[in-house]
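Colleague: My structure is below; once you've seen it, I'll send some questions.
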DNA sequence: GCGCTTGCAAATCTCGAAATTTTGTGCTGT
DNA sequence: ACAGCACAAAATTTCGAGATTTGCAAGCGC
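Take a look at the structure:
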């Protein structure tokens with residue numbers, strides 16, 4: 014949990030941390046499928062660590078609610094469902110609009126500068142989205158950094174902590190919907206409206222745009238087929 | 014993380030779970046002081062488990078934000094401060110009033126019955142608070158169950174999950190202020206007003222009472238001496 | 001006196017063996 | 001066909017030894 018800074022992805026100092034990061038990516042990307050049993054005895058070879066080390070990495074993923082643990086029955090990838098995504102989305106709206114309001118209120122020129130920069134990088138990645146599907150990871154990273162920079166100046170570490178958890182949760186759903194375009198959507202225009210409202214310090218407008226933006230992803234996911242959440246990518 | 018049910022404290026099925034519960038209690042009660050280094054090599058004897066098992070228990074406490082972990086430097090009890098308690102409180106107000114609104118909207122007669130029961134038990138414990146300081150643990154448990162029953166029917170598992178984390182966090186502060194009475198306060202009357210507003214399904218009133226109730230604890234803690242957060246009980 | 005280096009004790013991290021629990025399969029009885 | 005039981009295989013949990021890292025004190029040089 015960060016104090017008030019945006020985490021650059023730190024180089025892992027321990028094998029646990031390295032395995033944790035790899036596991037997290039594999040879960041978010043769906044390589045480890047929702048609901049899948051995580052057999053320590055098998056996975057330790059895949060991630061190149063001992064059983065105890067892998068257990069520790071999995072326990073750290075429990076913090077992120079990406080993994081469920083049950084005594085004597087081991088670990089399992091947290092399931093995905095439309096119902097859960099609705100909950101994630103609504104809770105995220107509640108938290109993130111509040112964090113955004115606080116950030117707009119507290120943020121100075123340094124916050125603006127980082128926001129401008131993050132928006133610029135995101136725009137560049139969005140230019141490329143139509144041309145090359147291989148850049149989804151880059152877009153996702155810049156999308157995250159953009160949203161993080163919006164709320165970066167929020168003084169509440171708890172809001173930021175919970176938002177980060179929910180953001181990661183929603184990433185699993187977003188990764189699977191961003192290309193399929195189930196509903197007409199100009200994601201870039203949404204980001205731009207959000208950016209401009211924030212930059213002109215209009216907290217009400219920014220919160221409203223953010224709310225619509227987040228809900229629109231929910232709407233997109235609602236149009237995905239029912240087995241969407243259980244298939245591997 | 015619970016799905017939608019209130020956890021009865023489950024009997025531990027593993028040594029990790031047992032150590033986790035004991036460690037959590039010791040942290041919340043201040044026996045393990047805020048900021049204190051948690052030396053695995055020492056504590057494993059105290060809790061009667063091996064080093065690896067204790068590490069796992071500590072990692073589970075990281076989920077609760079009661080313990081901080083840093084690679085190669087081990088574990089530390091999360092610090093307490095007035096600033097953090099303010100953040101906890103404000104975030105809790107945001108989340109818990111929303112959870113209460115949803116609970117009031119969704120709750121049926123079963124929810125009412127449990128609420129009535131929880132309020133009754135809490136009232137009994139509050140009768141005893143003036144007579145016997147040894148019952149703070151009982152009061153704290155019933156206080157928690159009362160607050161949990163208020164929001165029990167909220168359909169959002171994420172709101173409930175985050176509220177539970179924040180509730181546990183605030184317990185550390187509340188345990189240290191409930192007897193000292195730094196400000197005049199009738200806690201029982203506050204609980205009663207909350208109970209009655211909820212029971213008559215007045216979501217706006219209930220949310221307002223809850224907000225004031227939570228903020229009043231913050232006000233109490235504000236009046237504690239500055240070294241309040243670092244001394245053992 | 002201060003900063004840097006070195007060495008050692010203490011602590012942390014990791015691994016894999018052993019103990020324990022769960023799961024799956026086959027057999028028997030109703 | 002279904003339920004219960006026994007047993008073996010698979011998986012989980014735990015422990016402690018060994019490898020690695022960190023923290024601290026002492027010594028040295030400026």
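Protein chains in written order, with the working numbering: chain A, 14 to 246; chain B, 14 to 246. Even glycine gets a Cβ: it sits at the ideal position worked out from N, Cα and C. Keep in mind that this is a model prediction, so the values were computed, not measured.
Is the beta carbon of residue 89/A closer than 9 Å to that of residue 57/A?
Modeller: No.
Colleague: May I ask you to list the residues that DSSP assigns as paired with residue 207/B?
Modeller: BP columns for residue 207/B are empty, so no partner.
Colleague: Cα separation between residue 135/B and residue 100/B?
Modeller: Taking the straight line joining both Cα atoms gives about 27 Å.
Colleague: Run the CB neighbour count on residue 233/B, radius 10 Å, all protein chains shown included, and call it buried at 16 or more, exposed below.
Modeller: Looking at its Cβ environment, which holds 16 or more other Cβ atoms inside 10 Å, residue 233/B is buried.
Colleague: So if I threshold CB-CB distances at 7 Å, which residues from the region 72-88 of chain A count as touching chain B?
Modeller: Within the region 72-88 of chain A, the qualifying residues are 72, 73, 75, 76, 78, 84 and 85.
Colleague: Indicate whether residue 116/B and residue 211/B have their beta-carbon atoms separated by less than 9 Å.
Modeller: Yes, the pair counts as a contact, with Cβ atoms nearer than the cut-off.
Colleague: In the structure shown, what three-state DSSP assignment does residue 65/A receive?
Modeller: The answer is helix: DSSP assigns residue 65/A an H, G or I state.
Colleague: Using 9 Å as the limit for Cβ to Cβ distance, is residue 65/B near chain A?
Modeller: With 9 Å as the cut-off, residue 65/B counts as an interface residue toward chain A.
Colleague: What does a CB cutoff of less than 6 Å around residue 98/B pick up in its chain, not counting 5 residues either side in sequence?
Modeller: Answer for residue 98/B: 186 and 234, listed in chain order.
Colleague: Measuring CA to CA, which of 133/B, 173/B, 216/B and 32/B is closest to residue 104/B?
Modeller: Comparing Cα-Cα distances from residue 104/B to each of 133/B, 173/B, 216/B and 32/B, the minimum goes to 173/B.
Colleague: What are the start and end residues of the beta strand (DSSP E) that includes residue 89/B?
Modeller: Taken as a continuous stretch (DSSP letters only), the beta strand (DSSP E) holding residue 89/B covers 87-90.
Colleague: Out of curiosity, what's the CA-to-CA distance linking residue 32/A and residue 127/B?
Modeller: Rounded to the nearest angstrom, the two C-alpha atoms are 44 Å apart.
Colleague: Apart from the five residues on each side of it in sequence, which residues of its chain come closer than 8 Å, Cβ to Cβ, to residue 124/A?
Modeller: Closer than 8 Å at the Cβ level, and outside the excluded window around residue 124/A, lie 116, 162, 165 and 166.
Colleague: Starting from residue 182/B and walking both ways along the alpha helix (DSSP H), at which residues does that stretch end?
Modeller: Here the alpha helix (DSSP H) through residue 182/B covers 170-190.
Colleague: Any Cβ of chain A within less than 9 Å of the Cβ of residue 174/B?
Modeller: It does; some Cβ of chain A falls within 9 Å.
Colleague: Within its chain, find whatever has a CB closer than 8 Å to the CB of residue 35/A; leave out the 5 residues flanking it on each side and keep chain order.
Modeller: Result list for residue 35/A: 60, in chain order.
Colleague: Closest by CA to residue 53/B, which one among 47/B, 154/B, 114/B and 72/B?
Modeller: The shortest Cα separation from residue 53/B among 47/B, 154/B, 114/B and 72/B belongs to 72/B.
Colleague: Please identify the residue among 220/B, 190/B and 171/B whose C-alpha is closest to the C-alpha of residue 96/A.
Modeller: For the residues 220/B, 190/B and 171/B, the minimum Cα distance to residue 96/A belongs to 171/B.
Colleague: If you follow the alpha helix (DSSP H) that residue 83/B is in, where does it begin and where does it stop?
Modeller: It is not in any alpha helix (DSSP H) - residue 83/B instead sits in the beta strand (DSSP E) that spans 80-83.
Colleague: Using a beta-carbon distance cut-off of less than 7 Å, what residues from the region 193-217 of chain A approach chain B?
Modeller: Answer set for the region 193-217 of chain A: empty.
Colleague: So, does the CB of residue 94/B fall closer than 9 Å to a CB anywhere in chain A?
Modeller: Closer than 9 Å: no.
Colleague: If you drop the 5 nearest sequence neighbours on each side, which residues of the same chain put their C-beta closer than 7 Å to that of residue 25/B?
Modeller: So the qualifying residues of the chain are 31 and 34.
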